[in-house]
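Here is the structure we will look at, set down as structure tokens.
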Amino acid sequence: MPRMGRIVLPNYPHHVVQRGHNRQVVFAAEDDYQRYLSDLRELKDVFGVKVYAYCLMTNHVHLLLAPGDLVAGLGQLMKALAARTTRYRNRLEGRSGTLWESRYKSSVVQTDIYLLACSRYIELNPVRARMTAEAGDYPWSSYRERLGMGSSHEWLDADPCFLALGRDQVERRERYESYVKQAVSLEETSLIREALQRGQLTGSSRFIDEIEQITGLRIEQRGQGRPKLDVEK
Numbered sequence: 002m003p004r005m006g007r008i009v010l011p012n013y014p015h016h017v018v019q020r021g022h023n024r025q026v027v028f029a030a031e032d033d034y035q036r037y038l039s040d041l042r043e044l045k046d047v048f049g050v051k052v053y054a055y056c057l058m059t060n061h062v063h064l065l066l067a068p069g070d071l072v073a074g075l076g077q078l079m080k081a082l083a084a085r086t087t088r089y090r091n092r093l094e095g096r097s098g099t100l101w102e103s104r105y106k107s108s109v110v111q112t113d114i115y116l117l118a119c120s121r122y123i124e125l126n127p128v129r130a131r132m133t134a135e136a137g138d139y140p141w142s143s144y145r146e147r148l149g150m151g152s153s154h155e156w157l158d159a160d161p162c163f164l165a166l167g168r169d170q171v172e173r174r175e176r177y178e179s180y181v182k183q184a185v186s187l188e189e190t191s192l193i194r195e196a197l198q199r200g201q202l203t204g205s206s207r208f209i210d211e212i213e214q215i216t217g218l219r220i221e222q223r224g225q226g227r228p229k230l231d232v233e234k
């Protein structure tokens, strides 16, 4: 059975994962992480793509990206990032060949509730992998920058759900920090993971109807649910 083509929509957030070829290590040293983030900062503007969240793990990356009116920008960004990283590692190690899997995974995300849930899912990757005890302990995700714990050069794009958390940056950061520290249900984690793995939608049945109206495609999914959004007011 032929696989379903990747769905990319203008001005919608997309949860994207790209893995190392055969799950090989792609970030072996601090310079590897820093170079990838530097490229991401540069190329997101080149291709008109917003970056709402990220997490660089040893052998894969999670990104929450929103292309502008030109949907091709998302694929161009991922291709350019992969090419730059591959050239860098090949030159560094005196090797040739691919570094990444040829096809990245992506899922269009419903903005109102699931956007924050996906951000939390991405930034908690190191905690789920038992690499750190807290999201803020990991230096290679967007969490520290989102809360003002990172460098003074802030480049992360503020998504509409994060902006709605409070009247100012201090209030938003406090509420988001509280949100991330809440217990996350297995239902929420499974929904986000499975939607990504299957190239389906991360959203409610209403969202599925909305995307059908836009694309003419009915993209059903299993195990639908609604993540609990309990941000302290």
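First residue of the sequence shown? That's 2 in the working numbering, and the numbers climb one at a time after it.
Backbone N, C-alpha and C define an ideal beta-carbon position, used for all residues, glycine too.
Residue i, enclosing beta strand (DSSP E) - first and last residue
i	result
Pro127	Unbroken run through Pro127 is the alpha helix (DSSP H), 126-129; no beta strand (DSSP E).
Leu197	It is not in any beta strand (DSSP E) - Leu197 instead sits in the alpha helix (DSSP H) that spans 187-199.
Gln170	No beta strand (DSSP E) contains Gln170, which is instead part of the alpha helix (DSSP H) from 170-182.
Gln19	15-20
Short Cβ contact (8 Å threshold) for residue i with residue j
i	j	result
Tyr55	Val62	yes
Val109	Leu10	yes
Val181	Arg121	yes
Trp101	Ala83	yes
Pro14	Leu65	yes
Asn60	Arg88	no
Val17	Leu157	no
Through-space distance from residue j to residue i, alpha-carbon basis
i	j	result
Met132	Gly217	42 Å
Phe208	Arg85	35 Å
Lys45	Leu78	7 Å
Tyr105	Gln201	13 Å
Tyr144	Ser179	12 Å
Ala184	Gly167	21 Å
Tyr139	Ala30	14 Å
Leu164	Leu125	20 Å
Gln225	Leu192	Any reading at Gln225 must be qualified, since the residue scores a pLDDT of 45, below 50, and its modelled position is unreliable; the value itself is stated next. Approximately 7 Å, taken between the alpha carbons.
Arg219	Val72	20 Å
Span of the alpha helix (DSSP H), counted from its first residue to its last, around residue i
i	result
Pro73	Before going on, a small fix: residue 73 reads as Ala here, not Pro. Per DSSP, Ala73 belongs to the alpha helix (DSSP H) from 73-94.
Gln35	31-47
Ser103	Element bounds for Ser103: n/a, residue is neither H nor E.
Sheet register partners of residue i (DSSP bridge)
i	result
Cys56	His63, Ser142
Thr133	Beta-bridge pairing links Thr133 to no other residue.
Thr216	DSSP lists no partner for Thr216.
Status (buried if at least 16 other CB within 10 Å, exposed otherwise) for residue i
i	result
Met150	exposed
Arg90	buried
Arg147	buried
Glu189	buried
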